[in-house]
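Engineer: So in this note's numbering, spot 23 of the sequence shown is number 23, and the numbers just go up one at a time. Cβ atoms here follow ideal geometry from the backbone N, Cα and C, with glycine treated the same way. What you are looking at is a predicted structure, and each value in this text was computed from that prediction instead of being measured.
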Amino acid sequence: MIYQDLRHYEREGQWLLRYEYMLTAEGIKYADSVSNSYKRESEALARHLRQEKHSIPYDVVSLNLRSYSGKRD
Numbered sequence: 001m002i003y004q005d006l007r008h009y010e011r012e013g014q015w016l017l018r019y020e021y022m023l024t025a026e027g028i029k030y031a032d033s034v035s036n037s038y039k040r041e042s043e044a045l046a047r048h049l050r051q052e053k054h055s056i057p058y059d060v061v062s063l064n065l066r067s068y069s070g071k072r073d
């Protein structure tokens, strides 16, 4: 469902690896079929990204589990 591509490139005389991921059409169909099961996770991630959108390093996202526990203050 996710296509993984391994890229090799050289920087300052050293060979480095980089993985690139792309969601396939099958992955999109599957995600659509299970999306209701992950509504809370989706909302928590969207909320986090809206708040932190300018401070997230390239392709790194994490959630604070204490704030995601489902308990209301």
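Just the Cα atoms here: how many angstroms apart are E20 and Y9?
Structural biologist: E20 and Y9: Cα-Cα distance of roughly 13 Å.
Engineer: Thinking C-alpha only, which one of L16, D32, W15 and Y38 is nearest L23?
Structural biologist: The candidate whose alpha carbon is nearest that of L23 is D32.
Engineer: Provide the residue(s) that pair with Q51 in DSSP beta bridges, ordered along the chain.
Structural biologist: None, per the DSSP bridge assignment.
Engineer: Can you tell me where the alpha helix (DSSP H) holding E20 begins and where it ends?
Structural biologist: Not the alpha helix (DSSP H): E20 falls in the beta strand (DSSP E), residues Q14 to L23.
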